[in-house]
Amino acid sequence: MRKDIERKTMKTMKWMLPMGLLMIALNAGNHDLSAISWEEIQQTPTWKKFCGCAVEKPIDQVANREEALGSLEEGKLEELGTENYMEKLYLGVKRDFEYSGTEFKQVSDGLEAQGVALKRIEDDEKKLREILLSIDGDVSFPTGKSSLTPKAKELLGKIAAAMAAYPETKAKVGGHTDSVGAFQLNMRLSKARAVSVKEELMKAGSIAEERFTEVDGFADLQKIVNTISAEPRNRRTEITIGTIKIIK
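Residue numbers 3 to 250, in the working numbering, belong to the letters of the sequence shown in order.
The structure is reproduced here in structure tokens:
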């Protein structure tokens with residue numbers, strides 16, 4: 003009983019200290035506290051240092067890819083919780099791509115660039131639970147083939163590096179085609195492409211096979227654009243990355 007009370011007291015103090023420091027900092031700057039939203043508070047360096055969130059360094063000041071990507075040791079998921087862990091991963095993947103010259107544009111549910119999209123999957127409370135990386139099929143594979151292009155291997159190398167740097171993650175891989183051609187052939191092709199992606203991720207990042215919870219092909223059953231024509235946006239491979247378990 004006493005230990006439970008001590009734990010609760012420490013937990014309360016853990017939240018009160020950074021909030022107190024934050025209020026002092028804001029008052030020192032003569033901020034109108036009533037005009038500051040909770041979302042704005044969460045973006046301050048003081049809050050980010052407290053919660054373990056990454057404080058973003060200008061990309062031109064990053065020394066190398068490893069610094070851009072960042073990393074978390076085994077056990078950090080329990081310490082940070084799922085949302086903060088995934089926010090670190092999302093920021094790391096974004097900055098790794100940017101460090102290599104990828105120019106993202108902001109969209110409603112994440113980021114898009116030529117050949118690749120980085121999307122946020124949030125729960126009903128707007129907490130980040132998974133990230134979705136979608137790679138264009140025309141970038142990844144020759145027409146009608148499941149062998150990866152050099153560009154696809156380059157992109158997958160970044161995803162593999164992220165899975166290696168954030169070891170408490172798991173992934174699902176899904177292959178998708180357009181509606182041109184026989185459905186059964188497209189189903190086999192999309193599955194073969196998903197398997198090729200999984201194998202490249204395992205090879206590039208020394209990722210254990212058990213970290214892949216689903217590897218499957220869906221042909222044209224999950225269209226982005228509802229058309230029977232050769233729509234490029236429907237030809238894609240999706241990699242969904244989440245944590246090994248949900249921790250509040």
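Backbone N, C-alpha and C fix where the C-beta goes; we use that ideal spot for every residue, glycine too.
Practice item. Check whether the Cβ of threonine 245 sits closer than 6 Å to any heavy atom of the ligand COA, and report yes or no. Key: By its list of ligands, the structure shown contains no ligand whatsoever, and the ligand COA lies outside what it can speak to.
Check your understanding: Between the region 212-227 and the region 236-250, do three or more beta carbon pairs fall short of 8 Å?
Key -> Touching, per the Cβ criterion.
Check your understanding: Considering only residues of the region 120-179, which uninterrupted alpha helix (DSSP H) runs meet the minimum length of 4 residues and lie entirely inside it, listed in chain order?
Key -> DSSP runs (the alpha helix (DSSP H)) wholly in the region 120-179: 139-142 and 152-167.
**Study point:** Reduced DSSP secondary structure (H/G/I, E/B, other) of valine 64
**Key:** Numbered from 1 along the sequence shown, position 62 holds the residue referred to as residue 64. Coil, per DSSP.
Check your understanding: Helix, strand or coil: which one does DSSP assign to valine 227?
Key -> Along the sequence shown, one-based indexing puts residue 227 at 225. If DSSP states are grouped into helix, strand and coil, valine 227 belongs with coil.
Review point. Since phenylalanine 220 and glycine 176 are thought to touch, with beta carbons under 8 Å apart, how far apart are those beta carbons, to the nearest angstrom?
Key: Taking the first residue of the sequence shown as 1, we reach residue 220 at position 218. Taking the first residue of the sequence shown as 1, we reach residue 176 at position 174. Sure, about 6 Å apart at Cβ, within 8 Å.
Check your understanding: Within the chosen definition, does the region 163-172 reach the region 143-150 through at least 3 CB pairs nearer than 8 Å?
Key -> Under the 8 Å Cβ criterion, the region 163-172 does not count as touching the region 143-150, having fewer than three qualifying pairs.
Check your understanding: Sorted by chain position, which residues of the same chain lie with C-beta nearer than 7 Å to arginine 122's C-beta, five sequence neighbours on each side aside?
Key -> Taking the sequence shown and counting its residues from 1, the one referred to as residue 122 is at position 120. Tyr92, Asp111, Gly112, Leu130 and Ile133, listed in sequence order.
**Study point:** Nearest residue (CA-CA) to threonine 154, options Lys172, Leu135, Glu170 and Thr171
**Key:** To locate residue 154, count along the sequence shown from 1; it is residue 152. Residue identity differs from the one stated: residue 154 is alanine in this sequence, not threonine. Nearest of Lys172, Leu135, Glu170 and Thr171 to alanine 154, Cα basis: Leu135.
Review point. Taking the C-alpha atoms as reference points, what is the distance between threonine 84 and threonine 171?
Key: Numbered from its first residue, the sequence shown carries residue 84 at position 82. Numbered from its first residue, the sequence shown carries residue 171 at position 169. Going by the C-alpha atoms only, they are around 10 Å apart.
Exercise for review: Tell whether a beta-carbon distance below 7 Å holds between leucine 295 and leucine 158.
Suggested key: No answer is possible for residue 295: the residues shown for the chain start at 3 and end at 250.
Exercise for review: On a CA-only basis, which of Glu100, Gly139, Asn86 and Val227 is nearest glutamate 124? Give me that one, please.
Suggested key: Taking the first residue of the sequence shown as 1, we reach residue 124 at position 122. Nearest option by C-alpha distance: Asn86.
Check your understanding: Could you give the C-beta distance for alanine 206 and alanine 162, rounded to a whole number, given that I count them as a contact under 8 Å?
Key -> Position 204 of the sequence shown, counting from 1, holds the residue named residue 206. Position 160 of the sequence shown, counting from 1, holds the residue named residue 162. Yes, alanine 206 and alanine 162 are in contact; Cβ-Cβ is about 4 Å, under 8 Å.
Practice item. Closer than 6 Å by C-beta to glutamate 114: which residues in its own chain qualify, once you throw out the five before and the five after it? Chain order, please. Key: Here residue 114 corresponds to residue number 112 of the sequence shown, with the count starting at 1. So the list reads Lys107, once near-sequence residues are dropped.
Point to revise | Option nearest isoleucine 230 by Cα separation, candidates Asn66, Asn188, Met189 and Val182 | key: Taking the sequence shown and counting its residues from 1, the one referred to as residue 230 is at position 228. Closest option to isoleucine 230, judged by alpha-carbon separation, among Asn66, Asn188, Met189 and Val182: Val182.
Check your understanding: Roughly how many whole angstroms lie between the Cα atoms of asparagine 236 and arginine 67?
Key -> Looking up residue 236 in the sequence shown gives position 234. Looking up residue 67 in the sequence shown gives position 65. Approximately 31 Å, taken between the alpha carbons.
**Study point:** Identified DSSP bridge partners for leucine 113
**Key:** Within the sequence shown, residue 113 is the residue found at index 111, counting from 1. Its beta-bridge partners are Gln108 and Leu120.
Check your understanding: When DSSP builds the beta bridges, which residues end up paired with arginine 238?
Key -> In the sequence shown, counting from the first residue as 1, residue 238 sits at position 236. Note: arginine 238 sits in a beta bridge opposite Asp138 and His178.
Check your understanding: Comparing alpha-carbon positions, which option in Glu81, His178 and Arg97 lies nearest valine 64?
Key -> Start at 1 with the first residue of the sequence shown, and residue 64 comes out as number 62. Of the candidates Glu81, His178 and Arg97, Arg97 places its Cα closest to the Cα of valine 64.
Check your understanding: Rounded to a whole number of angstroms, what is the C-alpha to C-alpha distance between isoleucine 61 and isoleucine 226?
Key -> Taking the sequence shown and counting its residues from 1, one reaches residue 61 at position 59. Taking the sequence shown and counting its residues from 1, one reaches residue 226 at position 224. So the alpha carbons of these two residues sit roughly 32 Å apart.
Exercise for review: Report back the beta-carbon spacing between glycine 117 and valine 141 to the nearest angstrom; my notes put them in contact at under 8 Å.
Suggested key: Stepping through the sequence shown from its first residue, residue 117 is reached at position 115. Stepping through the sequence shown from its first residue, residue 141 is reached at position 139. Rounded, the Cβ-Cβ distance is 4 Å, consistent with contact.
Exercise for review: State the DSSP-derived secondary structure class of phenylalanine 185, mapped to helix, strand or coil.
Suggested key: Residue mapping note: residue 185 aligns to position 183 of the sequence shown, counting from 1. Here phenylalanine 185 sits in helix by DSSP.
Exercise for review: Give the straight-line distance between the Cα atoms of glutamate 76 and alanine 70, rounded to the nearest whole angstrom.
Suggested key: The count along the sequence shown starts at 1 and reaches residue 76 at position 74. The count along the sequence shown starts at 1 and reaches residue 70 at position 68. Taking the straight line from one Cα to the other gives about 19 Å.
Check your understanding: With 16 other CB atoms within 10 Å as the buried threshold, where does alanine 196 fall?
Key -> Residue numbering aside, residue 196 sits at position 194 when the sequence shown is read from its first letter. Label assigned to alanine 196: buried.
Review point. Which residue comes first and which comes last in the beta strand (DSSP E) that contains aspartate 218?
Key: Position 216 of the sequence shown, counted from the start, is the residue given in the question as residue 218. First-last of the beta strand (DSSP E) with aspartate 218: 214-219.
Check your understanding: Does DSSP classify arginine 195 as helix, strand or coil?
Key -> Working through the sequence shown from its first residue, we reach residue 195 at position 193. Arginine 195 falls in the helix class under three-state DSSP.
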